[in-house]
Ligand SMILES: [Zn+2]
Ligand SMILES: [Zn+2]
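Numbering (this note's numbering), first residue to last: 33 to 435.
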């Protein structure tokens with residue numbers, strides 16, 4: 033299958049704990065990585081999946097991002113499906129509580145009013161209650177929700193809004209675009225599976241919804257591009273290609289925006305992708321763009337060194353840095369003094385340190401470190417501890433800027 037390992041996409045919803053993957057999970061993940069799928073949120077159906085998902089995360093810590101929750105339709109041991117019961121939730125709660133800090137979302141949860149599984153008014157009421165309890169858990173642990181809705185688009189969105197759920201992914205939404213727009217207004221996101229290639233409804237949905245609220249998902253092993261085929265995370269490339277065509281843009285743009293959306297909706301994703309994040313830290317396109325900074329005057333004036341021809345703050349990476357120093361001292365004495373004064377602290381090092389410490393975005397610009405996230409109070413404790421040469425009185429609160 034076509035795929036580009038240099039892309040960076042996230043599968044926002046899949047079932048890698050499904051028995052269909054038991055025999056070849058390694059190659060499934062390998063193929064995903066080759067197609068540019070860097071990570072997958074792996075959701076549960078019910079409590080019997082939980083330990084399996086947690087252990088998959090232990091085996092593939094960068095790739096398998098666990099989500100725990102109770103689906104509205106439960107699978108029986110004989111392979112048949114039935115509406116969820118309170119019993120199912122009761123068995124699941126202690127495990128969700130136990131693993132709450134190991135997961136990135138509560139899911140898969142939701143409403144499924146397909147008449148085959150959901151036969152009565154009571155069944156619908158049970159599903160609503162079970163969804164409501166899990167929204168409470170999500171709120172308690174500040175976790176987003178990975179939500180299923182089938183033949184229940186409108187009731188799912190209105191119940192979530194009623195319950196005040198804020199961070200919501202509606203996966204494989206099968207309702208009308210006008211109903212989906214109610215979710216968009218509430219700030220919900222929608223993930224698009226590869227089955228879009230054979231679904232007019234999904235195509236209409238993508239036409240109407242802004243790219244800013246879309247994510248990619250496989251729902252593997254379900255919702256493959258062809259019926260009856262086993263789906264895999266690598267196929268989210270097909271979703272990306274299709275969305276790109278509908279939106280009149282290219283695949284890399286779709287991957288970029290949907291990945292940004294995934295990081296916005298699932299902030300803990302960063303913790304799972306830490307190694308990768310450190311590597312791409314300077315590539316700030318994967319972080320939320322905050323707009324022009326208040327404490328910076330634009331346009332920013334860039335000073336170039338006459339020796340290495342790079343902006344002066346990069347001189348130190350030039351092999352003949354000593355020659356730069358001589359040039360700077362002679363031609364830009366003020367800059368030279370400033371650069372030498374800041375020398376005793378390696379800003380790149382410090383920035384990396386902050387990024388790991390807070391698992392947040394952190395980058396070096398000119399003579400300062402930009403840290404994304406609300407870590408102000410922690411900084412006051414950490415800076416003097418890590419760099420004893422800095423006098424605590426010299427740490428000023430400049431809004432979001434610390435040196
Ligand atoms: Zn689902
Ligand atoms: Zn699913």
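Positions of the beta carbon are idealized from the N, C-alpha and C atoms, including for glycine.
These numbers come from a predicted model, not from an experiment.
Pick out whichever of 254, 258, 249, 300 has its Cα sitting closest to the Cα of residue 275. Taking the chain shown and counting its residues from 1, the one referred to as residue 275 is at position 243. Here the closest residue by C-alpha is 249.
Environment of residue 267 [buried if 16+ CB atoms lie within 10 Å]: One-based indexing of the chain shown puts residue 267 at position 235. Buried, because 16 or more other Cβ atoms sit within 10 Å of the Cβ of residue 267.
Measuring only the C-alpha atoms, how far is residue 232 from residue 206? In the chain shown, the residue the question calls residue 232 occupies position 200. In the chain shown, the residue the question calls residue 206 occupies position 174. Straight-line Cα distance between these residues: approximately 10 Å.
Give the range of the beta strand (DSSP E) segment to which residue 106 is assigned. In the chain shown, residue 106 corresponds to position 74, counting from 1. Residues 105-107.
Check the DSSP bridge columns for residue 278 and list the partner residues they point to. Locating residue 278 in the chain shown gives position 246, where the first residue counts as 1. Within the DSSP bridge table, the entry for residue 278 names no partner.
If you follow the alpha helix (DSSP H) that residue 79 is in, where does it begin and where does it stop? In the chain shown, the residue the question calls residue 79 occupies position 47. Residues 79-91.
Label residue 55 either buried or exposed according to how many other C-beta atoms from any shown protein chain fall within 10 Å of its C-beta, with 16 as the threshold for buried. Counting from one through the chain shown, the residue named residue 55 turns up at place 23. Result: exposed.
Are residue 37 and residue 84 close, meaning C-beta to C-beta below 8 Å? By 1-based counting over the chain shown, the position of residue 37 is 5. By 1-based counting over the chain shown, the position of residue 84 is 52. Result no, Cβ atoms of residue 37 and residue 84 do not sit closer than 8 Å.
Per DSSP, residue 114 is paired with what? Numbered from its first residue, the chain shown carries residue 114 at position 82. DSSP output for residue 114 lists 106 as bridge partner(s).
Proximity test, residue 204 beta-carbon vs ligand 1 heavy atom, cut-off 7 Å: If you number the chain shown from 1, residue 204 lands on position 172. Yes, the Cβ of residue 204 comes within 7 Å of a heavy atom of ligand 1.
What do you reckon, is the C-beta of residue 75 under 7 Å from a heavy atom of ligand 2? Here residue 75 is taken as the residue at index 43 of the chain shown, counted from 1. Result yes, Cβ under 7 Å from ligand 2.
Could you check if residue 173 is buried or exposed, using at least 16 other CB atoms within 10 Å of its CB as the buried criterion? Here the question's residue 173 lines up with position 141 in the chain shown. Exposed, since its Cβ has fewer than 16 Cβ neighbours within 10 Å.
DSSP three-state assignment for residue 178, whether helix, strand or coil: Numbered from 1 along the chain shown, position 146 holds the residue referred to as residue 178. DSSP places residue 178 in the strand class (E or B) of the three-state scheme.
Under 6 Å Cβ to Cβ from residue 124, same chain only, skipping five residues before and after it: list those, please. Start at 1 with the first residue of the chain shown, and residue 124 comes out as number 92. Correct list, in chain order: 79, 102.
C-beta atoms of residue 42 and residue 294 nearer than 8 Å: Translated into the one-based positions of the chain shown, residue 42 becomes position 10. Translated into the one-based positions of the chain shown, residue 294 becomes position 262. Yes.
Compare the Cα-Cα distances from residue 215 to each of 203, 280, 356 and report the closest residue. Along the chain shown, one-based indexing puts residue 215 at 183. In this structure, 203 is the residue among 203, 280, 356 with its C-alpha nearest to the C-alpha of residue 215.
Might you give, ordered along the chain, the residues of its own chain that have their beta carbon closer than 6 Å to the beta carbon of residue 89, omitting 5 neighbours on each side? Looking up residue 89 in the chain shown gives position 57. Closer than 6 Å at the Cβ level, and outside the excluded window around residue 89, lie 96, 98.
Please name the residue in 152, 153, 144 whose C-alpha comes closest to that of residue 163. The residue you call residue 163 lines up with position 131 of the chain shown. Nearest option by C-alpha distance: 144.
Is any heavy atom in ligand 1 found nearer than 7 Å to the beta carbon of residue 140? Counting from 1 along the chain shown, the entry for residue 140 is found at position 108. Result yes, Cβ under 7 Å from ligand 1.
Along the chain, where does the alpha helix (DSSP H) that runs through residue 361 open and close? One-based indexing of the chain shown puts residue 361 at position 329. Unbroken alpha helix (DSSP H) run through residue 361: 353-363.
If distances are taken between C-alpha atoms only, which option among 303, 218, 39, 372 comes closest to residue 191? Along the chain shown, one-based indexing puts residue 191 at 159. It is 218.
Ignore the nearest five residues each way along the sequence and tell me which others in residue 347's own chain have a CB closer than 8 Å to its CB. Looking up residue 347 in the chain shown gives position 315. Excluding positions up to five away in sequence, the list reads 337, 339, 340, 353, 356, 357, 360, 371.
Could you give the first and the last residue of the continuous alpha helix (DSSP H) run that contains residue 70? Along the chain shown, one-based indexing puts residue 70 at 38. First-last for residue 70: 69-74, but that is the beta strand (DSSP E), not the alpha helix (DSSP H).
Taking only runs that begin and end inside the region 249-294, name each unbroken alpha helix (DSSP H) of 4 or more residues, in chain order. 268-279
Mark residue 258 as exposed unless 16 or more other C-beta atoms lie within 10 angstroms of its C-beta, in which case mark it buried. As a first step, residue 258 is located in the chain shown; it is residue number 226 there, counting from the start. Residue 258 is exposed by the Cβ-count criterion.
Tell me which residue opens and which closes the alpha helix (DSSP H) that residue 223 is part of. Start at 1 with the first residue of the chain shown, and residue 223 comes out as number 191. Unbroken run through residue 223 is the beta strand (DSSP E), 221-224; no alpha helix (DSSP H).
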